[in-house]
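Novice: Sharing a structure here in structure tokens format.
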Amino acid sequence: MEERSKAAVLASFAADSLALGVHWIYDTDQIMKRFGRVEEPLEPALNSYHSTKSKGDFTHYGDQMLVLLESLAALKRFDLQDFSGRWRALFNGYNGYVDQATQMTLSRYAAGKSWRDPGPPSNDLAGAARLAPLVCLYADHLDALVTSAREQTRMTHADPWTVESAEFFARLAHAVLHGLRPVDAILEVTKERFGGSRIEEWVRQGRNSVGRGSVEAILAFGQSCHTPEAFPAVIHLIAKYPDDLKEALIQGVMAGGDSAGRGMLVGLVLGAHAGMSGLPESWIRGMRHRDHLLGLIEGILPS
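Right, dumping it as structure tokens:
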């Protein structure tokens, strides 16, 4: 299971890096015309949201996930206060895009809010999408995984259904790590914990769309960051490409919009299923933080 835990984390970071060059371009025809089929990380355009970044870097989502990984590696456990401090330090003079949820969270801290206080009511799924390092650390401790996944999300994205989504994907990745196939795990987690909820409806939408092309399906759901749109798109990609991590992430990027947030969760689940063999070596080699990242992951793998 260690190899697949490692792959889950690396695939989540790789998904963010792959999305960087075209992140938040919503015109899918423009993506195809300007960049073609995006199969490798790209240099961000000068007029993009990530113009200060370079090929192989992470978006501001991946940078936050890296801070979480660094906190876990230092303490060998999740500590919200430590993560909060490192997260705030990341954005002190940050050379990258600072989204609205981050701005609101930083403003709340500046106004005297404690790390114990829930963050702003953002419903961007990206808040839940940072959880891959927690899945690796707590691969054998489901309760700790669920609690920490919810807490790290609530720190910056306190929308109740986004927090519930963090628990869903934590449980889903855990089930896949422990041997269930992705679609079977989706069905089991939904039935056992989320029956009759909005999440059950988002799962249904995602699964029912697998006969459609991914770009078409994600355009129909909506390409934005918001959980009601992004969640069924994640389910679509997992259910349509359960044994093809590479294609799932490429299709997610080609669908435009918030491809980084979607991809981090798709990479987590399908990386946990496929292991290292499912992850293109060139994507790992191309990460600018590769050696640091690999060392941190080794430090949190279950012994």
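Residue numbers (my numbering): -10 to 292. In this text, a Cβ means the ideal position worked out from N, Cα and C, and glycines have one as well.
1. Roughly how many angstroms separate the alpha carbons of LEU9 and PRO221, rounded to a whole number?
2. If you draw a straight line from the alpha carbon of GLY288 to that of LEU58, how long is it in whole angstroms?
3. If we count the other Cβ atoms within 10 Å of its Cβ and call it buried at 16 or more, is ASN36 buried or exposed?
4. State the DSSP-derived secondary structure class of GLU173, mapped to helix, strand or coil.
5. Relative to the C-alpha of VAL11, which residue among MET54, GLU270, SER248, GLY267 is closest?
6. Can you check whether the CB of MET243 is closer than 7 Å to the CB of SER6?
7. Looking at the unbroken alpha helix (DSSP H) that takes in LYS65, where does it start and where does it end?
8. Starting from ASN197, trace the alpha helix (DSSP H) both ways and give me its first and last residue.
9. How do the segment 171 to 179 and the segment 131 to 151 stand: do at least 3 beta-carbon pairs fall below 8 Å, yes or no?
10. For ASP113, which three-state DSSP category applies?
11. Among PHE2, HIS278, GLN92, LYS235, which has the Cα closest to the Cα of ALA118?
12. For HIS293, write down the residues that DSSP places opposite it in a beta bridge.
13. Going by DSSP, what residue range makes up the alpha helix (DSSP H) through ARG274?
14. Under the three-state reduction of DSSP, which class applies to ALA34: helix, strand or coil?
15. For LEU226, I'd like the list of residues in its chain whose CB is within less than 6 Å of its CB, leaving aside the five on either flank, ordered along the chain.
16. Do three or more CB pairs link the segment 57 to 71 to the segment 79 to 95 at distances below 8 Å?
17. Could you have a look at HIS225 and say whether DSSP puts it in helix, strand or coil?
18. Where do the ends of the alpha helix (DSSP H) carrying GLY256 lie?
19. ASP46: which of HIS281, ILE286, THR145, PRO291 sits nearest, CA to CA?
20. Using the Cβ count rule (16 or more neighbours within 10 Å means buried), how would you classify ALA78?
21. Of the choices MET21, ILE224, LYS235, HIS49, whose alpha-carbon is the least far from that of GLY200?
22. Which residue marks the beginning of the alpha helix (DSSP H) containing ASP280, and which one marks its end?
23. Does DSSP put TYR83 in a helix, a strand or coil?
24. If ALA179 sits next to VAL165, beta carbons under 8 Å apart, how far is it from one beta carbon to the other, in whole angstroms?
25. Would you report the Cα separation of GLU28 and MET253, rounded to the nearest angstrom?
Specialist: On the basis of the data shown:
1. The count along the sequence shown starts at 1 and reaches residue 9 at position 20. The count along the sequence shown starts at 1 and reaches residue 221 at position 232. The alpha-carbon atoms of LEU9 and PRO221 are separated by roughly 22 Å.
2. Stepping through the sequence shown from its first residue, residue 288 is reached at position 299. Stepping through the sequence shown from its first residue, residue 58 is reached at position 69. Cα to Cα, the separation comes out at about 10 Å.
3. Looking up residue 36 in the sequence shown gives position 47. When all chains shown are included, ASN36 counts as exposed.
4. Here residue 173 corresponds to residue number 184 of the sequence shown, with the count starting at 1. Sequence inspection shows Asp at residue 173; the Glu mentioned does not correspond to that position. Reduced to three states, the DSSP call for ASP173 is helix.
5. Working through the sequence shown from its first residue, we reach residue 11 at position 22. Cα-wise, what sits closest to VAL11 is SER248.
6. As a first step, residue 6 must be located in the sequence shown, where it is residue number 17. As a first step, residue 243 must be located in the sequence shown, where it is residue number 254. SER6 is not a Cβ neighbour of MET243, given a cutoff of 7 Å.
7. Residue 65 sits at position 76 when you count from the first residue of the sequence shown. Where LYS65 is concerned, there is no enclosing alpha helix (DSSP H), given that its DSSP letter is neither H nor E.
8. Taking the first residue of the sequence shown as 1, we reach residue 197 at position 208. That run of the alpha helix (DSSP H) goes 187 to 197.
9. no
10. Translated into the one-based positions of the sequence shown, residue 113 becomes position 124. It is a strand residue.
11. Looking up residue 118 in the sequence shown gives position 129. The option with the nearest alpha carbon to ALA118 is PHE2.
12. Since the first residue of the chain shown is -10 and the last is 292, residue 293 is not available in this structure.
13. By 1-based counting over the sequence shown, the position of residue 274 is 285. Counting along the chain, the alpha helix (DSSP H) containing ARG274 begins and ends at 270 to 274.
14. Looking up residue 34 in the sequence shown gives position 45. Coil.
15. The count along the sequence shown starts at 1 and reaches residue 226 at position 237. Answer for LEU226: ALA237, GLY241, VAL255, listed in chain order.
16. Using a Cβ-Cβ distance cut-off of 8 Å, the segment 57 to 71 and the segment 79 to 95 are not in contact, since fewer than three pairs of beta carbons, one from each stretch, lie closer than that value.
17. Within the sequence shown, the letter at position 236 stands for residue 225. In the three-state DSSP reduction, HIS225 falls in the helix class (H, G or I).
18. Residue mapping note: residue 256 aligns to position 267 of the sequence shown, counting from 1. Its alpha helix (DSSP H) spans residues 248 to 263.
19. What you label residue 46 is simply residue 57 of the sequence shown in a count that begins at 1. Comparing Cα positions, the closest option is HIS281.
20. On the sequence shown, residue 78 is found 89 positions in, with the first residue counted as 1. Looking at its Cβ environment, which holds fewer than 16 other Cβ atoms inside 10 Å, ALA78 is exposed.
21. The residue labelled residue 200 in the question sits at position 211 within the sequence shown. Nearest of MET21, ILE224, LYS235, HIS49 to GLY200, Cα basis: ILE224.
22. The residue you call residue 280 lines up with position 291 of the sequence shown. From DSSP, the alpha helix (DSSP H) with ASP280 extends over 279 to 289.
23. On the sequence shown, residue 83 is found 94 positions in, with the first residue counted as 1. Looking at TYR83 - three-state DSSP - the assignment turns out to be coil, as it is neither helix nor strand.
24. In the sequence shown, residue 179 corresponds to position 190, counting from 1. In the sequence shown, residue 165 corresponds to position 176, counting from 1. Per the sequence presented here, residue 179 reads as Thr, with Ala not at that position. Incorrect: roughly 14 Å between the Cβ atoms, too far for contact.
25. Within the sequence shown, numbered from 1, the residue matching residue 28 stands at position 39. Within the sequence shown, numbered from 1, the residue matching residue 253 stands at position 264. The alpha-carbon atoms of GLU28 and MET253 are separated by roughly 16 Å.
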